[in-house]
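Protein chains in written order, with my numbering: chain B, 2 to 295; chain S, 1294 to 1726; chain H, 801 to 1116.
A virtual CB, placed ideally from N, CA and C, is assigned to each residue, including glycine.
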Amino acid sequence: MTALSAGAPVAAPTRADIVRRQRLKKIALIVALVLGAGFPALPILWMLSSSFKTNGEIFEYPPRIITENFSFDAYQAILTDPEKLRFFFNSYFIAGSVTVLTLIVAVLAAYAFSRFQFPGKRIINVMVISVQAVPPITLLIPYFGLVVALGLYNTYPGLILTYMVFTLPYAIIMMTGYFNTLPKELDEAVKVDGGRPFTALWRVLVPVSVPGMVSVGVYTFMIAWNEYLFALTLTRTNDMRTVPIGIQLLMGQHAYEWNQMMAMSVLGSIPVLVLFLFFQRYFIGGMAAGAVKA
Amino acid sequence: MSNGARNPNRWLAFSASIAVVALTAACSSGGTTASPDTGTGDGGSDGDVVLEFAQWWEPELPDGVLRGLMDEFEAENPGITVELLSGPYASTKEQVVAGAASGTMSDVVGLDGAWVSDFVQQGAIADLSALMDDAGYDQTQLASQVQLDGSTYMVPVVNFAYMLFSNDAMLADAGVDVPSTRSEFADAAAALTSGNTTGWILPLSLEAPNGIQNDVMSWVWASGGSMLDNGQPDVTNDDVKSAVEFIVDLDSAGVIAPGAATLKEQDKVEEFTNGRVGMMISSLAHINTIRESNPDLEFTISALPAADGYSGERGTPYASWGIGVAENSEHKAEAWKLIDFLMSESSNAQLADAANAFPGNTTARPEFVDNDPIFQEAFDVWQAGYPANEFVGLPVAEQLMRDFSEQLQRVLAGEISVDEALENAQAAWTDEF
Amino acid sequence: MTATLTPEVEAADRQPTPPSSRVRLRRLWDRLTPFGFLSPTLILLIILMVTPIAMVVGYSLMDRVITAPESNFVGFENYVEVLTDPVFATAVKNTIYFAGVSVVAHFVLGMGFALMLNSPILSHRLKAVFRTIYILPWLFTIAIVAVLWRMLLSPNGIVNYLVTTFGFTESSVEWLSDPNLALHAVTFINIWSGYPFFMISLLAGLQGIPRDLYEAARIDRAGPIKQFLHVTLPQLKPIVISMALLDFIWTTQQFALIWMTTGGGPINRTEMVSTYTYKLAFATYDFSVASAAAVIVLVLSMVLAFFYVRHQKSRD
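If you want it as structure tokens, here you go:
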């Protein structure tokens, strides 16, 4: 920490001055972070608080932050229902598979885009970017027909491949970007040593791109985790369905099960949060020193 | 960059041919009567039939009720098994459209009266009249049928009547009685409005525009009026105009709860349940929701107020859980058996009981009608009036409601007059017909 | 699979020896290598994305597809219908506002939060806690985001309780149903739900900026603002541009959020291209016209993508 300010020779401040300014800076930053945290966190806290209320209490006015009849009923209702637990399993299984497969496929493609010149590159690039621009709702019917024809209706592969198609463009673009920031000399060195392009990719580029891969992976996971429309259309039975549909099933024709909806969202987010906590060290680690140049 | 064009071309040609194969495969499945992908289905020995029954009812009913009925049906009809496919209500329609387009529609489907015309147009649902004839079915036991061009396409299984709910305590505090005419209603609404509470609530959300059916046109029907003339739109007539003007007056009097433009049916109930709204027009299905959320709330159910001086029969708006058979089903006869079973006196009464709805079978009498004074009252109102829902069977019914809702929103925002709004709505409706 | 396609290539083009058949073969493999790497992507995208898109393009040139047994080729009639519909113009305008403001706000918030979370002053553990809090909105499916905000912003919701209690307004505000506020309100919700994604990507990008660039800037006596403008921003520029483009494209498609909060209303103040197409497809069953609207969106995005790719090329 002190090493940082040592580089700034400002009118020779005393050591005490530096320490004090550092501390002030730190406090200001923490205050700013706490205040800023209200933006994402307050609505979520409200959701959390609602999940412990009864359905009627949620709409009381003036609103109550902490409920009087604190109850875990909503959570119990969800955790004891095997059908709902299955939704959770499906969501994790599908989102996990999509993440792994998307990363593999995207890394291969990004390598081609970043390290090779080939005819049709620009066209393929434009295609990759713009296929995601078609409003999915209009694709629904032809897509559905296609999935049925391929025999993927109401199967895990059907959903996994669908989400891969949704997430690949972004994953490719971002991975290409990350590879582009890595100097070509890195993989050239491998090739000079007689390695194949694949070796260069696997041994050199992939290890240094872990932070980029993690952020792409997190994105991929979230898309697959949160998608609703196709998850519903491409499945037929509840044993293939995912959490967003489980939540929607609680939004009835005449009334919503508000507390259960909120509880299910909270429950769904916790494992993702844990996953994020685990992976986020890659954001801090930073890339190998000196490996990066724009 | 340009010198290697040949090789990739070959590759592209290859991949293009894959795409073409996929394309033709997809197209061919589109129009044909491909059998529903029942998976475990048709594999059974000696002619076992698996019926798929897609609906949104199962999650709405108490756990196990619908499955229990299906078990009963299976016991009565050896060789037929029913697979219940349940989806969220809000997405049911898209799923049916997509299913019909790809030939994967379930054999038996839950329907809303507002969708029937569209599905018939798409050729998605089968003519039930023919099925009834084949089965020699006695149609007199059906309280109603939804017909297009003389053929039945949907049978209402249970009906949810919409009536006026009033909060007893709030009415007593304001010193008013349950209103029975429009002017009484306006007075009561004004008396109920103060500070944080309002007299009435009007949901006009464009996402689920059925507020137009239940909370706006219901005023027209309650006074014996109609929004149609010989099956054609007629929203500029005096019946509709006076109802809309009545609503606009309520709004200018400030007795309608704020936020109408985005409120949905569910919001309406929550506001009423929490005592912020004195009166609402709502489905009897909400009686239990209200009791669960706020057991202390005392409320009265009555017929919708009619125009002052009107003494004829009052139309009671309703929504149904309807049922139909997929045109591409290979087991239509078995599908009809299932409908027959659901419409039979005892199972229809059971279903109505569980859903707090009125039975679609004329002789079925659900227990709640006898056990619960509130339902008893409601049942009397239901039988004194006539069921009214002119949106049932209209083409793109939901869009008609949305068109109308948009115009009404513009009136309430002060952009246009009632006359202009009705003319615009009339034009939009005529366009859709 | 791809690796086996490529025999030991040792600088084949460095040897101007007369092309033997072996060398020619090797060159062929060289040229095919990138396609080998691309093949899984291309197969997936062509079968599962290009095919349905081609079908949608086909629909857009026919009448009464899907809902009627037979349909006829009608040329560009559907396009004319869409382009002359004043509601479509409104939808495009709203979409541009919605997406434009969202992207800018996502960038500003994402950058601000990422910089704070990247500060070396704080301990790792503290940063980890804040990082986790800051990504929260991202963890929830859009349906929940929509109902949560409907609840928060309802006339009797907590937000109105706070603004009236603290005296910002006299009476409660109809955030989502006031024709003048609705578009801003849904945009705000979208900003809330979408910024973490920008933030995460920028955070990852910040890790990649070499320390010595900052050292050099400090030696030049550049203050924090100058460092940001002359080091951080240029270094992140490729990421920011890619993200902004993608975010813009995605935001234009945001359907569930709009649909579940306002349904495109009040009147048509929050009508977006996505809700417009949805209504065409599933409320009026005009799949042909809906397809035409979708193709128009596709073409517009392709133009955008084209400029983006060209920009990238020129950067190389």
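Nearest-angstrom Cα separation, counted from residue j out to residue i
{"i": "B:Ile161", "j": "B:Ser98", "result": "7 Å"}
{"i": "B:Tyr93", "j": "B:Ala78", "result": "20 Å"}
{"i": "S:Val1469", "j": "S:Leu1597", "result": "16 Å"}
{"i": "S:Tyr1611", "j": "H:Phe888", "result": "34 Å"}
{"i": "S:Met1572", "j": "S:Val1509", "result": "14 Å"}
{"i": "B:Met128", "j": "B:Trp226", "result": "25 Å"}
{"i": "S:Gln1702", "j": "S:Glu1683", "result": "21 Å"}
{"i": "S:Asn1664", "j": "B:Gln254", "result": "25 Å"}
{"i": "H:Thr877", "j": "H:Met1072", "result": "In the sequence under discussion, the amino acid at residue 877 of chain H is Glu, which differs from the Thr named in the question. Rounded to the nearest angstrom, the two C-alpha atoms are 22 Å apart."}
{"i": "H:His1111", "j": "H:Val1103", "result": "12 Å"}
{"i": "S:Ser1384", "j": "S:Phe1412", "result": "15 Å"}
{"i": "B:Thr221", "j": "H:Ser993", "result": "16 Å"}
{"i": "S:Asn1530", "j": "S:Met1520", "result": "7 Å"}
{"i": "S:Thr1317", "j": "S:Glu1387", "result": "With a pLDDT of only 39 at S:Thr1317, under the threshold of 50, the placement of this residue in the model should not be trusted, and no figure is reported."}
{"i": "S:Ile1580", "j": "B:Glu258", "result": "15 Å"}
{"i": "S:Thr1474", "j": "H:Glu974", "result": "30 Å"}
Strand pairing of residue i, partner residues [DSSP]
{"i": "H:Phe835", "result": "DSSP output for H:Phe835 lists no bridge partner at all."}
{"i": "S:Pro1453", "result": "One detail in the question is off: residue 1453 of chain S reads as Phe in this sequence, not Pro. BP columns for S:Phe1453 point to S:Ala1612."}
{"i": "S:Phe1346", "result": "S:Leu1377 and S:Val1401"}
{"i": "S:Ser1444", "result": "S:Leu1441"}
{"i": "S:Thr1491", "result": "S:Val1570"}
{"i": "S:Asn1460", "result": "S:Phe1592"}
{"i": "S:Ile1418", "result": "S:Ala1619"}
{"i": "H:Thr851", "result": "In the DSSP output, where bridge partners are listed per residue, H:Thr851 has none listed."}
{"i": "S:Pro1652", "result": "S:Val1451"}
Pair within 8 Å by beta-carbon distance, residue i and residue j
{"i": "S:Lys1557", "j": "S:Ser1498", "result": "yes"}
{"i": "B:Tyr62", "j": "S:Asn1567", "result": "yes"}
{"i": "B:Ala107", "j": "B:Leu34", "result": "no"}
{"i": "S:Ala1645", "j": "S:Phe1651", "result": "yes"}
{"i": "S:Phe1366", "j": "S:Leu1631", "result": "yes"}
{"i": "H:Thr1070", "j": "H:Thr1077", "result": "no"}
{"i": "H:Ile1120", "j": "B:Ile142", "result": "Here chain H comprises residues numbered 801 to 1116, so residue 1120 of chain H is not present and cannot be evaluated."}
{"i": "H:His924", "j": "H:Ile991", "result": "no"}
{"i": "S:Ser1444", "j": "S:Ser1422", "result": "yes"}
{"i": "B:Phe73", "j": "B:Thr163", "result": "no"}
{"i": "S:Thr1235", "j": "S:Val1711", "result": "Lying outside 1294 to 1726, the shown extent of chain S, residue 1235 of chain S is not represented and no answer is given."}
{"i": "S:Ser1437", "j": "S:Gly1602", "result": "no"}
{"i": "S:Tyr1281", "j": "S:Val1439", "result": "Here chain S has residues from 1294 to 1726 only, and residue 1281 of chain S is not among them."}
{"i": "S:Glu1351", "j": "S:Leu1359", "result": "yes"}
{"i": "B:Asn260", "j": "B:Ala75", "result": "yes"}
{"i": "S:Gly1392", "j": "S:Gly1615", "result": "no"}
Within chain S, partners of residue i - CB distance below 8 Å
{"i": "B:Glu69", "result": "The contacting residues do not exist; B:Glu69 stays about 14 Å from chain S at best."}
Chain-ordered chain B contacts of residue i [CB-CB under 8 Å]
{"i": "H:Gln1027", "result": "Within chain B, no residue comes near H:Gln1027; the closest Cβ sits about 11 Å away, beyond 8 Å."}
{"i": "H:Leu844", "result": "Val106, Leu162, Met165, Val166 and Leu169"}
Partner residues on chain H for residue i, Cβ-Cβ distance less than 7 Å
{"i": "B:Asn126", "result": "Val1109"}
Interface residues of chain B facing residue i [CB-CB closer than 7 Å]
{"i": "S:Thr1397", "result": "Val149 and Tyr154"}
{"i": "H:Ile1058", "result": "In chain order: nothing, as chain B lies at least about 12 Å away."}
{"i": "H:Arg931", "result": "Gln281"}
Integer Cβ distance of residue i from residue j, believed to fall under 8 Å
{"i": "H:Ser1042", "j": "H:Met862", "result": "The Cβ separation is near 36 Å, so there is no contact."}
{"i": "S:Glu1591", "j": "S:Ala1462", "result": "6 Å"}
{"i": "B:Glu206", "j": "B:Asp194", "result": "A quick correction: the sequence has Leu, not Glu, at residue 206 of chain B. The Cβ separation is near 15 Å, so there is no contact."}
{"i": "S:Thr1491", "j": "S:Ile1549", "result": "6 Å"}
{"i": "H:Val823", "j": "H:Val1095", "result": "At roughly 47 Å, the Cβ-Cβ gap does not stay under 8 Å, so H:Val823 and H:Val1095 are not in contact."}
{"i": "H:Ala1083", "j": "S:Val1689", "result": "6 Å"}
{"i": "H:Leu1002", "j": "H:Leu1036", "result": "6 Å"}
{"i": "B:Thr236", "j": "B:Arg242", "result": "5 Å"}
{"i": "B:Pro212", "j": "H:Gln1007", "result": "5 Å"}
Chain B contact residues for residue i, given Cβ-Cβ distances below 9 Å
{"i": "S:His1579", "result": "His255 and Ala256"}
{"i": "S:Ala1482", "result": "The contacting residues do not exist; S:Ala1482 stays about 19 Å from chain B at best."}
Interface residues of chain S facing residue i [CB-CB closer than 9 Å]
{"i": "B:Glu329", "result": "The displayed coordinates of chain B run from 2 to 295. Any statement about residue 329 of chain B would go beyond what the structure contains."}
Any non-hydrogen atom of the ligand ZN within 7 Å of residue i CB
{"i": "B:Asn155", "result": "Among the components modelled here there is no ligand, and therefore nothing to report on the ligand ZN."}
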